[in-house]
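Notes to accompany the following structure.
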Amino acid sequence: MEIDEHVDTMNEWNATALYNFSHFGRVWYKVSGRSLVLQCLPYVPVIFFGTFGNLAIVCVVATNREMRKRTNLFICNMAVADLLTTLVSSWQVLVTSIYQFYVLGEVFCRLEGLFQGTFLFASVLSLMVISLDRLLAVAKPFSRRLSRTTAVIVIAVIWAVAIALASPLVFTRRHYTRQWADLVETWCTEVSTGIRVYWIVLLVPLFYAPLVVIIVAYTVILCKMEKFENMVANKEQPCKIQNRRKVVRMFFVYLINYFCCWLPFQVLLVYRYLRGGHAELPRWFNDYSFAAHVMVFANSAINPIIYGVCNQNFKTAFKDVFARISSRFHAVYPSSIEHQSLFSALRSNKTAPEIPEAISKNQRSHNGIYHCGGDVEMTSLPRLQCLRYYGRYSVGSKDCFKVRSCSQVCSR
892 MEIDEHVDTM NEWNATALYN FSHFGRVWYK VSGRSLVLQC LPYVPVIFFG TFGNLAIVCV
952 VATNREMRKR TNLFICNMAV ADLLTTLVSS WQVLVTSIYQ FYVLGEVFCR LEGLFQGTFL
1012 FASVLSLMVI SLDRLLAVAK PFSRRLSRTT AVIVIAVIWA VAIALASPLV FTRRHYTRQW
1072 ADLVETWCTE VSTGIRVYWI VLLVPLFYAP LVVIIVAYTV ILCKMEKFEN MVANKEQPCK
1132 IQNRRKVVRM FFVYLINYFC CWLPFQVLLV YRYLRGGHAE LPRWFNDYSF AAHVMVFANS
1192 AINPIIYGVC NQNFKTAFKD VFARISSRFH AVYPSSIEHQ SLFSALRSNK TAPEIPEAIS
1252 KNQRSHNGIY HCGGDVEMTS LPRLQCLRYY GRYSVGSKDC FKVRSCSQVC SR
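Going by the working numbering, the letters in the sequence shown line up with residues 892 to 1303, in that order.
Structure representation (structure tokens):
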């Protein structure tokens, strides 16, 4: 949601063709190479982590049926919104700051506010729903939980509300073109007089409401945990202290992340729309606006780390996905990782009789685990749980593979 203000220097637009733009302002078209690098530099980690982090969460939930639980669906929905914010919105702000004139065209001028607002609102509303869902899980653990169908309906409502809140931006943005003697000036701006009220009111669902929900939800969760922990035996004291510290730590992580990422943008809106009259903005405003937008987009890159990587269920699912990718890659290119160690944990539902029926005499057994060496012939089609292996690898009926190191550990 880029904030622009164009100050008209001439009342008669038709007369501008008689003058050069350079008479009224410096023409630079695009920032210099050094400024271009400095502006692109903060976007590199934001786009990288925002793209791959959110995409990883979406792929895990989409490919793993066990991960399609209610809370995970809400986290996945937030990841989708953050992914769209990273892919669609971040580069628009970057392009606008790089070029002197608006170069994205009239259509995108009308739609950019809708896209950016919808994705940001969907992410923020998903964050609120996640906090409330965790609150209900602790406050009413024995009540009937939301079904998967209900969760999908809640997600649909989130996107409907997000579109409704962002839709006024379609009608308040205008694309203008002005012909000068030496160039064509283009810009995109907001024209409605009611836009000030809209942006100030918008601070409630964008900043204050999620902040209040996070604080209240996790405060109640901590109080409920303390009440429950007082009921447990003294022998469980170390466990309850550890759990409480973990909840407190994650609470401050959620709070600090949201507050730090959104506070600069909130200050930007207040200053932009509460200042008196139509006075020209100070020189530092554009630089501050750029930094504030970077922080908002950084929130989309940090969310998958906090709500995905720090989530034990997602961590386990990530390991399973990487293990499957590694095993498939090795099955297709068995010689490409020769003399390399590969760590994986392939989950198997196979029973004990399905392990290789014939193992060479070089095998060793220790604590019920076969440490395999030599040639192994498989007369069935098992999925080996190999924690570490070297050499060639293939799986199939009556396949043989040569173990080049006794460090291979196979599930018995």
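Beta carbons are placed, not taken as given, at the ideal position from N, Cα and C, and that holds for glycine. All values reported here derive from a predicted model rather than from experimental measurement.
Residue i versus the options, residue with shortest Cα-Cα distance
i            : options                : result
residue 991  : 956, 926, 1163, 1001   : 926
residue 1202 : 1175, 942, 958         : 958
residue 1152 : 1071, 1187, 1108       : 1187
residue 1097 : 1061, 1060, 1068, 1157 : 1157
residue 1059 : 1009, 1044, 1068       : 1009
residue 1101 : 1015, 1052, 1199       : 1015
residue 973  : 1140, 1077, 1199       : 1199
residue 1027 : 961, 1217, 911         : 961
residue 1054 : 928, 1207, 1011        : 1011
residue 989  : 1220, 1166, 1178       : 1178
Cβ neighbour criterion (16 or more within 10 Å) applied to residue i
i            : result
residue 1272 : The predicted position of residue 1272 is uncertain, since its pLDDT is 35 and thus under 50; a value taken from the coordinates is nonetheless stated next. Its Cβ having fewer than 16 others within 10 Å, residue 1272 is exposed.
residue 1041 : exposed
residue 1018 : buried
residue 1090 : buried
residue 1112 : buried
residue 949  : buried
residue 971  : buried
residue 1044 : exposed
Chain-order list of residues whose beta-carbon lies under 6 Å from that of residue i (same chain, five-residue window excluded)
i            : result
residue 1066 : 997, 1000, 1079
residue 942  : 977
residue 923  : none
residue 1086 : 1063
residue 1077 : 992, 993, 1068
Pairwise C-alpha distance: residue j and residue i
i            : j            : result
residue 1164 : residue 965  : 33 Å
residue 980  : residue 1121 : 48 Å
residue 1174 : residue 1072 : 27 Å
residue 918  : residue 1088 : 34 Å
residue 1006 : residue 1117 : 43 Å
residue 1050 : residue 1013 : 6 Å
residue 945  : residue 1070 : 43 Å
residue 1192 : residue 995  : 25 Å
residue 1103 : residue 1109 : 10 Å
residue 1107 : residue 1047 : 25 Å
residue 937  : residue 1189 : 5 Å
residue 1038 : residue 1021 : 15 Å
residue 1181 : residue 935  : 15 Å
residue 956  : residue 1195 : 19 Å
residue 1197 : residue 1211 : 19 Å
residue 910  : residue 1141 : 60 Å
residue 1033 : residue 1084 : 51 Å
residue 1315 : residue 975  : Because the chain is modelled from 892 through 1303, residue 1315 falls outside the range shown and cannot be assessed.
residue 987  : residue 933  : 15 Å
residue 1205 : residue 1218 : 20 Å
residue 1061 : residue 1003 : 8 Å
residue 1031 : residue 940  : 35 Å
residue 1149 : residue 928  : 27 Å
residue 1147 : residue 1024 : 20 Å
residue 1220 : residue 1036 : 40 Å
residue 1099 : residue 1207 : 34 Å
residue 1172 : residue 1029 : 48 Å
residue 982  : residue 1155 : 19 Å
residue 1176 : residue 1162 : 10 Å
residue 1095 : residue 1052 : 14 Å
Cβ shell of residue i (< 7 Å), same chain only, five flanking positions each side left out
i            : result
residue 1316 : Residue 1316 lies beyond the stretch modelled for the chain, which goes from 892 to 1303, so this question has no answer here.
residue 1081 : 1063, 1064
residue 1075 : 1068
residue 1144 : 1197
residue 912  : 918, 1071, 1073, 1074, 1076
residue 1105 : 1022, 1145, 1146, 1149
Cβ neighbours of residue i in the same chain (closer than 8 Å, five flanking residues each side left out)
i            : result
residue 1093 : 1056, 1160
residue 931  : 985
residue 954  : 1212
residue 1138 : 1109, 1112, 1113, 1116
residue 921  : 927, 989, 990, 991
residue 963  : 952, 1204, 1205
residue 1166 : none
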